[in-house]
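Undergrad:
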Amino acid sequence: MRSFYKIFLGLMLATQLSLIHAQDVPKWEAGIGMSTLHLPDYRGSNETHSYVLPIPYFVYRGDKIKVDRQGIRGELFNTDFIQLDISAGASVPVNSDKNLARAGMPNLDGTAELGPSLEITLARSRDRRTKLDLRIPVRMAFTLGPEKFGQNIGLVATPHLNLDVKDIAGMSGWNLGVLGGLSYGSARNHGYFYNIAREYASASRPAYTARGGYGGNQLILALSKRFNQYWLGAFLRADSLKGAVFENSPLIKTKKYVTAGIGFSWIFKQSEQSVQIDD
Numbered sequence: 579m580r581s582f583y584k585i586f587l588g589l590m591l592a593t594q595l596s597l598i599h600a601q602d603v604p605k606w607e608a609g610i611g612m613s614t615l616h617l618p619d620y621r622g623s624n625e626t627h628s629y630v631l632p633i634p635y636f637v638y639r640g641d642k643i644k645v646d647r648q649g650i651r652g653e654l655f656n657t658d659f660i661q662l663d664i665s666a667g668a669s670v671p672v673n674s675d676k677n678l679a680r681a682g683m684p685n686l687d688g689t690a691e692l693g694p695s696l697e698i699t700l701a702r703s704r705d706r707r708t709k710l711d712l713r714i715p716v717r718m719a720f721t722l723g724p725e726k727f728g729q730n731i732g733l734v735a736t737p738h739l740n741l742d743v744k745d746i747a748g749m750s751g752w753n754l755g756v757l758g759g760l761s762y763g764s765a766r767n768h769g770y771f772y773n774i775a776r777e778y779a780s781a782s783r784p785a786y787t788a789r790g791g792y793g794g795n796q797l798i799l800a801l802s803k804r805f806n807q808y809w810l811g812a813f814l815r816a817d818s819l820k821g822a823v824f825e826n827s828p829l830i831k832t833k834k835y836v837t838a839g840i841g842f843s844w845i846f847k848q849s850e851q852s853v854q855i856d857d
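In our numbering, each number is its position in the sequence shown, counted from 1, plus 578.
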């Protein structure tokens, strides 16, 4: 299961690029918008829900802390080719009463993830409009439920290649992001989503204990454009759980699926102070 925040703001919008010349931009910008998303209840579920959600648009370009379309990042180390950030993610809760595979089981709380991300630039065009990165985020996950707030549910690692292309096909301002990568998780993390305790087992849903290790792969295509006071973006994501260490869990009902979303934001406020960035 992935949250609208991690998918929509993190993966869908991985389209920021560096231009050849530095430019002055507001230190922060604020806005509001709407998004429409169609997602499975969790990775491997064959039951889906559509969400129409308000989405905040907030960009902060500080020296060490940055908030933008790639999420919340704390810059720990940065050179022209290697960067170490703090990355964050989240997931939405699942009501087991509304999911046939989990009927009678405890609900899944929403979760948050926090940890470092190593980003290595592998290739970049001379005009800096195209860039290929290797990104290796490793995060600790914990629950956000009212009864078990802050419960540690293990580690997640999602190494991936990220390709950014600015002004795709000669269309000024349109940015393309392509992400392909693998997912790994600890036994505790996989168990949170896919374990079946004996008291919830049945003839059609036997007890199951997940192992740590490989958790599947994904491919994401994202397209976005920033207008003067507006932002528009969309994404398409393909997930495969074939070969995942938990693929035999009775809670896995499909090993391949596609998710999608589209969003629109109006930027209504920005700081008077400007900063210079290579963006």
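We put the CB at the ideal spot given by N, CA and C, even for glycine.
The structure presented is a predicted model; accordingly, all values stated were derived computationally and were not measured.
For residue 835 and residue 784, what's the separation of their Cα atoms in angstroms?
TA: When rounded, the distance between both Cα atoms is 24 Å.
Undergrad: Report the option in 739, 724 and 768 whose CA atom is closest to the CA atom of residue 713.
TA: It is 739 whose Cα lies nearest to the Cα of residue 713.
Undergrad: Nearest by alpha-carbon distance to residue 763: which of 774, 789 and 745 is it?
TA: Ranking 774, 789 and 745 by Cα distance to residue 763 puts 789 first.
Undergrad: In chain order, what are the residue ranges of uninterrupted alpha helix (DSSP H) at least 4 long that sit wholly in the segment 765-796?
TA: Those alpha helix (DSSP H) runs which fall completely within the segment 765-796 and span 4+ residues are 765-772.
Undergrad: Would you give the residue range spanned by the beta strand (DSSP E) that residue 609 belongs to?
TA: First-last of the beta strand (DSSP E) with residue 609: 606-618.
Undergrad: Counting only the same chain and skipping the five closest in sequence on each side, list residues whose C-beta sits under 8 Å from that of residue 776.
TA: Contacts found: 785.
Undergrad: If you compare alpha carbons, which of 791, 700, 773 and 617 is closest to residue 735?
TA: Ranking the options by Cα distance to residue 735, first place goes to 791.
Undergrad: Relative to the C-alpha of residue 698, which candidate in 843, 817 and 663 has its C-alpha closest?
TA: Of 843, 817 and 663, the residue nearest in Cα terms is 663.
Undergrad: Using 8 Å as the threshold, is the C-beta distance between residue 793 and residue 841 below it?
TA: Result no, Cβ atoms of residue 793 and residue 841 do not sit closer than 8 Å.
Undergrad: Decide yes or no for the touch test of the segment 668-682 against the segment 621-632: beta carbon pairs closer than 8 Å, at least 3 of them.
TA: Yes, they touch.
Undergrad: State the start and end residues of the unbroken beta strand (DSSP E) segment that holds residue 664.
TA: That run of the beta strand (DSSP E) goes 660-669.
Undergrad: Identify whether residue 676 lies in helix, strand or coil by the three-state DSSP scheme.
TA: The answer is helix: DSSP assigns residue 676 an H, G or I state.
Undergrad: Among the candidates 726, 683 and 717, whose CA atom is the shortest distance from the CA of residue 772?
TA: Selected option, being the one with the closest Cα: 683.
Undergrad: Please return the same chain residues whose Cβ sits closer than 6 Å to the Cβ of residue 708, not counting the five positions on each side in sequence.
TA: Here the set comprises 743.
Undergrad: Can you tell me which of 705, 814 and 830 puts its alpha carbon nearest to the alpha carbon of residue 617?
TA: Out of 705, 814 and 830, 814 has the C-alpha closest to the C-alpha of residue 617.
Undergrad: On the DSSP bridge list, what partners appear for residue 817?
TA: For residue 817, which the question treats as bridged, DSSP gives the partners 796 and 835.
Undergrad: So, residue 752 versus residue 801, is the Cβ gap smaller than 8 Å?
TA: Contact: yes.
Undergrad: Whole angstroms is fine: what's the gap from residue 623's alpha carbon to residue 741's?
TA: Going from the Cα of residue 623 to the Cα of residue 741 covers about 29 Å.
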